[in-house]
């Protein structure tokens, strides 16, 4: 699945920079924008994008902690 692969690439890119987990607003914004672009690229339903971004963000936080 292309969308899952693209999201995984974004998460890996930002997961290595743990500082964004501590509330670095600029990094968080870049992460969210990158995710939104991927979701839009694959025509993910607009009304579900915000939930998807939050879900991916939470999963990234959890994977960075472990």
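Residue numbers (the working numbering): 17 to 82.
Positions of the beta carbon are idealized from the N, C-alpha and C atoms, including for glycine.
Review point. In terms of alpha-carbon separation, which member of 74, 71, 54, 42 lies closest to residue 25?
Key: The residue among 74, 71, 54, 42 with its C-alpha nearest the C-alpha of residue 25 is 54.
**Study point:** Whole-Å CB distance - residue 30 paired with residue 76, under 8 Å assumed
**Key:** Sure, about 7 Å apart at Cβ, within 8 Å.
Check your understanding: Is the CB-CB distance between residue 58 and residue 19 below 7 Å?
Key -> The Cβ-Cβ distance between residue 58 and residue 19 falls below 7 Å.
Practice item. Answer with buried or exposed for residue 78, where buried requires no fewer than 16 other C-beta atoms within 10 angstroms of its C-beta. Key: With fewer than 16 other Cβ atoms from the protein chains shown falling within 10 Å of its own Cβ, residue 78 counts as exposed.
Exercise for review: Just mark residue 27 as buried or exposed, buried being the case when its beta carbon has 16 or more other beta carbons within 10 Å.
Suggested key: By the beta-carbon neighbour count (other beta carbons within 10 angstroms, threshold 16), residue 27 is buried.
Check your understanding: alpha helix (DSSP H) containing residue 30: first to last residue?
Key -> Per DSSP, residue 30 belongs to the alpha helix (DSSP H) from 18–31.
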